[in-house]
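Please read the structure below before turning to the comments.
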Amino acid sequence: MTDLPELDRTFEAVVVDWDATRGAVSKAELARLRDRLEELCAAGVPVFVLADGRLPDLRRDVGFHPAGPGRLFLCCEQGSADFEVIEDDVVAVSTREPRAEESSALDRAAERVADALADLGFDATVEETGRTARRVVASPRRADGPSDRSVEGSGTDPAPTLPATLGEPGLRALARQQAELAGLVGPQVTVGVDDIQLALTTKSDAAQFASDWLAERGITGELVLVVGRASSWPPLARAIVLPPGGRAGRSKIGSPSGLVGLAATLQAQLDRRAERRVPQVDPDPAWTFGLVEDGPHQRSAEALGSLCNGQVGVRGSREEGGPGTAPLFLAAGVYDHDEHLLPGPIWTEVDLVPAPGPSTGHRLLDLRTGVLVRVDEQTGLRSLRFVSIASPRLMAFRLEVPSSMLQPGNPVRSPSQAIDFTRRFSGDVCIAVSRDSARNIAVAARDQMGEVAGRSSLERLAAWDTSTAGKTSQLESKRLLREGEAAGFEALLAEHRRAWADRWADAEVNIEGTGAAADQLQVRLAVFHLLSAIGETAEAAVGARGMTGAAYAGHVFWDADIFVLPALAALRPEAARAMLEYRIRRLPAARATAEASGRSGARFPWESAGDGYDVTPRLVDDGHGHQVPIATGPHEEHIVADVAWAATHYTTWSSDRTFLARAGRALIVETARYWASRVQADAGGRYHIFEVMGPDEYHEVVDDNAYTNVMARWNLREGARLLRSERPDDREATHWVELADRLVDGWDRDRNLYEQFTGFFDLESLLVADIAPPPVAIDMLLGADRVARSQIIKQADVLMLHHLVPAEVAEGSLRPCLDFYEPRTAHGSSLSPAISASLLARAGRPDEALELFRVAARIDADDLTGTTAGGLHLATMGGVWQALAFGFLGLRADSEALRIDPCLPDAWSLLSMRMRFRGTRLRVEASHDRVSIDCDSPIAVRVGSRAVEHCEPPSRTFSLPGGLEHEGRRR
Amino acid sequence: MTAPTTATEPVVLAAIGGTSMAPLVLETAAKLGELIGATVEAVHVDEGPADTTGTLAATFGVSVRRLRGPVASTLLAATESPNVLVAVIGGHGPASDDGPVGPTARHILEHTTRPALVVPPDVRLPTVIRRCLVPLEGTEPSSRPVLQALGRLLRNEVELVVLHVFTDETLPRMLDRPYQDMELLGQEFLITHCPPAGAIEMRRGPVASRVVEVSEEREADLIVLSWSQVGEEGRARVVRDVLGASDRPVLLLPVTDGGADR
């Protein structure tokens, strides 16, 4: 039986239908089965035993106490009571108590069924078989006297069975009819040879309990082995089902013909663990992302398959390396003397001969549990790796190949870049260090190798440290490795899976509708990488490509503050706080930069790394040997306000009410102070900001860029508000408000339209669609000079204001601004499509929004920029989340409530998102005419155009028969 | 005159006639022979007693083999000898009505299984071939044979400069930082399509024009193109245009698996 392909895998949990099993095996086999279950428990595998009977009966059969990390659950009484065996105790962990009216209705229903069976010629009695079940036992009534089912060999005709009367369907219909007449709605009806059982619960409820418990630990679908007949258990519908004696299959039940080899199957599971076989992932298409690895996509697949835990990240390079691969291990915020992320020692490589290459097999990134698996049927190679988020200093992988393939080699290797790299062995622990100036990354790793039946296995645990003193790093990494080895690979993987399940519990996104499965997977990929990229401790320097590639050198841009942080503020506020801490710790550099240019306050740099000073290159090669100046560093000053906006946004969404008054205060006040020193008055008393660059980088140095000016105005007002909250008559605050009120913003009252910068409306009026369908890098098509003379823009600029600070722009200006600027937007920036999608949805144009949303969601999967190999576009991923949350769901926080104003495209029937808002965990689900909110604490909401209402746990649904109102249209 | 080559010695085969191209073909073949470590052998289909090719070949230290028979098919057969690595033939530039090569050269180019180096009449020959321009369109099937052929041929040190010319259809749809992202694209292109190359140029516009421009800008000594050996009108336009416009020798790599059709 164990040679069945369905069973050639490592299961992470076993669920046994004891009733089905018990009837199919001998006592000796039953004892063997029980022993194997006990050993699996000891090996760390959770075991659920399900039976219809009562606990004492089941406890008598399954009498062991789990001795290891595995857990044993006994689920009894038709799924109404679940117990856990803990040492010598049996503890109730879940019971489903019927309400009094349900109990009496159940009793009445059973009596009515008994009466109906009596009419069919049976003597029927009612037994209470559990708190949620009644059994109506029927025996044929003999014509000459009382019934006696035990009469045998009397020479009379055999007594009729129940099914022989109306058939099973007929009896079920009869029972349901009687139950309904008794006021019992929808009972579970089971028809036996001599009984009919009515129940409020069934084993399916126990299966639900098991499924939920396991899902909370990242154990789902094909990671679960069900022993028994489970076809009626929807919660375990994707489990591998092994009927007693039948063939295994995915949720298939074979015909039970006695139990052969069931204990052997379980023994094989024990053997797999002892042999360090490579575990599986649940190949759920809704949660697994296949990496395409043909030639041109090989390196972008490496980026997409990156595994990060917020503190370190490793690219998804194939284990054997080779030409075209770019293995990379990075630590967040560890920069070299050039302010580039320092490549750490490579711990994922092995020597394979012959090297399998990318063209065979497949690799899956399991988004649900954060592991990367590889299966190559042709060579027999299998591998699994993870970077633990539960124990962030630890990483691990397992690999198995035919024995001849695996060659001995160093567990830790030098990164390909030319850096200072040392390696030594302490016993069989390999300790390697990448070093640059005062920074280093140490990795300690040890291989455990084995060989069974012509198959070599390798288990590698690794630990890292970035202490500034090299020797300390080495010792610490070795100590951490010992800790990891004490826990063991499987325990580390189990806690890693559970930690991922916890993260998704606050972040899951579901989309239903036409084409929604693909949309949902892309969104989950984005959320996965967002959840992976940012650590929660100390500070988080979030580079444009995170830790998924070397591009952009790990430099931090406005991408972090404006695109990534809003998603994290709702998904993992602690990580958003760490991102702000990165800015807070670089305030001294920002103050010094402002002072050096004769300004006050703090000027944050366009690109920053370790020390907080600007690292934007001043000159770059234009590809023709000419050095050209880069204007972003000197002129893209809007990042000053962007940082302040991020601090405010975090405060608005999180429960951290004191942040702006304390640690975050300077982010608002010092940036406002900068703008106060930056603006220039004209003769008419109006204020201007000259020589800046807005988000639209096609127009490099302009005056009074609307985005910069309005964000500066907002920043001045926020700063003044903060100062006045401390001292109402603060003179500096008064000055800031005056400046803000007199700062030009380019608003054309007649057209309700903002001019992007002074003179923009005088430029050549070109539309993108007349040249090429967007998105298009139109500066490559027309040349940068021609584009600069036109109204074609790279990305949302004015419209970013409607996205970030809608209260700062003129009421009703979204539609005219969208109508004017969207046809002029080339979306030549990866940041662009998601924001436009969000705004189109807000303007009541969700179907157009969906088109751009899909572009944004696939930027890395389809490598639309051609640079995904250098790392993933984290800001785009943040933008994708924002388009869903702020665009399609219409979430917007104000001081009173969370506004929810969904606007779904026709293709989608449902969108739901989990998140946190001011300390409340919530799930917002929207369809075209309804909003449901699940929450774990009371929350004030304003749904559509309704007034503020309170939503109490656990949930509330808002019906919106008239549709939802948007600025642009009423659906 | 040098000694005749042995049957196993790798050979650069210079196909010469009694035209003014012969010395250029011989000189180019000699430089290619130095580059790839092969002996140069000249072949000539004997056209009468006035033939002076032997004398000419001798001035380049090259042995000449005289053949008899129909010119095109005889020369083609000579290129198919097992020890021939590359055939070198003369082109006649854009002046002619029938394209950048004559009918004999065209017949050889379209049918030989060997790489063929076409020497333009105004060829700029360096002292040593040290830099090759390798235009690649960026698909695996077209890059692979180029890489394989270059791996076999280029044994001595030579700098490979890859050129990729974007068309409107192949331009990246987004460029966050135009200059830096193009550099990143170039690096990725090299790693994916031509790891041995040391540099890449990326351009947009008509491919052949860009090839000629960049070969001049980068002072390439040789241009390497793959082609499907279908020279009829409407096919291999890039090859024909480059042969017609460039003053660099052009090494044509025949691709038989549909990988390229420049």
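These protein sequences, in sequence, are chains A and B. To convert, count from 1 in the first sequence and add 1283; that's our numbering. To convert, count from 1 in the second sequence and add 5; that's our numbering. The beta carbon of each residue, even a glycine, is placed where N, CA and C say it ideally should be. For clarity, every value in this text was computed on a predicted model and none was experimentally measured.
Within the segment 1625-1690 of chain A, the runs of beta strand (DSSP E) at least 3 residues long that lie entirely inside it are, in chain order, 1645-1649, 1654-1659, 1664-1670, 1677-1685. For W1747(A), the uninterrupted beta strand (DSSP E) run begins and ends at 1738-1748, by DSSP.
Residues are counted here when their Cβ sits less than 7 Å from a Cβ of chain B; for the segment 1726-1740 of chain A the count is zero. Taking C-beta atoms as the reference points, R1901(A) and Y1970(A) fail to come closer than 9 Å.
For G1733(A), the three-state secondary structure derived from DSSP is strand. A straight-line Cα-Cα distance of about 14 Å links R1868(A) and T1954(A). By the Cβ criterion, the segment 2014-2031 of chain A is not in contact with the segment 1887-1907 of chain A, since fewer than three pairs of Cβ atoms, one from each stretch, lie closer than 8 Å.
Collapsing the DSSP output to three states places L1613(A) in a strand. Across the set L1449(A), G1737(A), F1331(A), R1292(A), the C-alpha of R1292(A) shows the shortest separation from the C-alpha of R1560(A). Non-local C-beta neighbours of R1417(A) in its own chain, meaning closer than 8 Å and more than five positions away in sequence, comprise L1389, D1390, A1392, A1393, V1409, E1410, E1411, Q1480, L1481, A1482, ordered along the chain. Contact between the segment 1614-1634 of chain A and the segment 1716-1727 of chain A is present, with at least three C-beta pairs closer than 8 Å. Taking a Cβ-Cβ cut-off of 7 Å, the neighbours of S2112(A) in chain B comprise M179, D181, given in sequence order.
With contacts defined as CB atoms closer than 9 Å, V1507(A) and A1296(A) qualify as a contacting pair.
Annotated three-state conformation of P259(B) is strand, per DSSP.
Contacts between Q185(B) and chain A, judged by CB atoms closer than 7 Å, involve V1903 in chain order.
Within chain B, the residues L180, P183 have their CB atoms less than 8 Å from the CB of D2062(A), given in chain order. With at least 16 other beta carbons inside 10 angstroms of its own, D1897(A) counts as buried. DSSP places L1508(A) within a strand segment (E or B) once states are collapsed to three. A check of alpha carbon separations from I21(B) across E46(B), G42(B), A213(B) identifies E46(B) as the nearest. In the three-state reduction of the DSSP assignment, N1723(A) falls in the strand class.
For S2115(A), the nearest CB of chain B lies under 9 Å from its own CB, placing it at the interface with that chain. Chain B has no Cβ within less than 9 Å of the Cβ of T1831(A). For R2069(A), no chain B residue has a C-beta closer than 8 Å to its own C-beta; the minimum C-beta separation is roughly 13 Å. Under the Cβ criterion (8 Å, minimum of three pairs), the segment 1718-1732 of chain A counts as touching the segment 1753-1761 of chain A. Taking a cut-off of 8 Å on C-beta distances, the segment 1808-1827 of chain A touches the segment 2151-2168 of chain A, as three or more cross pairs fall below it. Identification of residues in the segment 2128-2149 of chain A having a C-beta nearer than 8 Å to some C-beta of chain B yields I2142, L2147, T2148, G2149, given in sequence order.
In the DSSP assignment, V2226(A) is bridged to I2183(A). Counting only the Cα atoms, E2232(A) lies some 41 Å from A2144(A). Counting every other CB atom within 10 Å of its CB across the protein chains shown gives K1310(A) a total below 16, marking it as exposed. If you keep only unbroken alpha helix (DSSP H) runs of at least 4 residues inside the segment 90-150 of chain B, you get 108-116. For chain B, the residues of the segment 1905-1919 of chain A that bring a beta carbon within less than 7 Å of one of its beta carbons are D1905, G1906, V1911, in chain order. Along the segment 209-232 of chain B, going in chain order, the ones with a CB nearer than 7 Å to a CB of chain A are R209. Look at G2002(A) here: in three-state DSSP terms it is helix. Not a single C-beta of chain A is nearer than 9 Å to the C-beta of L155(B). Within the model, the alpha-carbon separation for T1571(A) versus A1782(A) is close to 17 Å. Look at G2202(A): its C-beta is not under 9 Å from any C-beta on chain B.
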